[in-house]
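Shown next, in structure tokens, is the structure this report addresses.
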């Protein structure tokens, strides 16, 4: 979700701090003046911000947990498509647990207050959730394609589906791992460590 990261003008992105600002831009004689107002100075907007994220957290967790429980407890529901949907629910639960709760906390201020571990863990979990959701949606689309275009061919077996899901999580973790490795925590900042070491002559 886009409120987590404060994108800079160049890649890699600057994640320090996860601050949400209100930017007022006015043009005066072909010049643009930009004034940044910290969210902590806008209590009414901050209250709305926290309330919305609380609703997202509640419905995100409860809805996705319900999907997982229904599929796990009902054998008749354990089809290939439903198992893929359950995997989507698990990736959403990961997002809700490790991203949504910390967004309003880190947004209320101009520093990173969540410590070194979360500095490395939160960006990685966001990446994993995005990649797992994308790859699972792709797998669902491919499965639906063969069902519609080749209806008389044998469908994907449940064991193959589970194996594919394991591969999806391995790929998602592998791609997102650099986010955890190259994050730099410096007391009040959490950002990508893109400083190159100077070579000794």
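Numbering (my numbering), first residue to last: -10 to 190. Where is the CB? At the ideal position from N, CA and C, for every residue including glycine. Since this is a predicted model, take the numbers as computed values, not measurements.
query = Whose CA, out of 167, 132 and 157, lies closest to the CA of residue 79?
reply = Among 167, 132 and 157, the Cα nearest to that of residue 79 is on 157.
Q.
Assuming residue 148 and residue 121 are in contact, meaning their beta carbons sit under 8 Å apart, how far apart are those beta carbons, in whole angstroms?
A. Actually they are not in contact, since the Cβ atoms of residue 148 and residue 121 sit about 20 Å apart, beyond 8 Å.
| task | Tell me where the alpha helix (DSSP H) around residue 113 begins and ends. | result | For residue 113, the enclosing alpha helix (DSSP H) covers residues 104 to 138.
*Which residues in the same chain have their Cβ closer than 6 Å to the Cβ of residue 164, if we skip the five residues on either side of it in sequence?*
Closer than 6 Å at the Cβ level, and outside the excluded window around residue 164, lie 120.
**Close Cβ partners of residue 76 (< 6 Å) along its chain, the five nearest in sequence each way excluded** = 125 and 154
- Task: Name the residue from 52, 46, 62 and 143 whose alpha carbon lies nearest to the alpha carbon of residue 90.
- Result: 46
* With 16 as the cutoff for other CB atoms within 10 Å, does residue 88 come out buried or exposed? -> buried
Residue nearest to residue 151 in terms of C-alpha spacing, selected from 72, 66 and 60: 72
For the putative contact between residue 66 and residue 115, defined by C-beta atoms under 8 Å, what is the C-beta separation to the nearest angstrom? Wrong, their Cβ atoms sit about 29 Å apart, outside the cutoff.
**Item:** Counted within 10 angstroms of its Cβ, other Cβ atoms place residue 81 as buried (16 or more) or exposed
**Value:** The Cβ neighbour count for residue 81, taken over all protein chains shown within 10 Å, is at least 16; the residue is labelled buried.
Legend entry - Beta-carbon proximity check, residue 112 vs residue 55, cutoff 8 Å: no
- request: Using beta-carbon positions only, say whether residue 135 and residue 146 come within less than 8 Å of one another.
  value: no
Exercise for review: Grab me the residues of residue 57's own chain with a C-beta within less than 8 Å of its C-beta, minus the 5 sequence neighbours each way, in chain order.
Suggested key: 75, 78, 79 and 82
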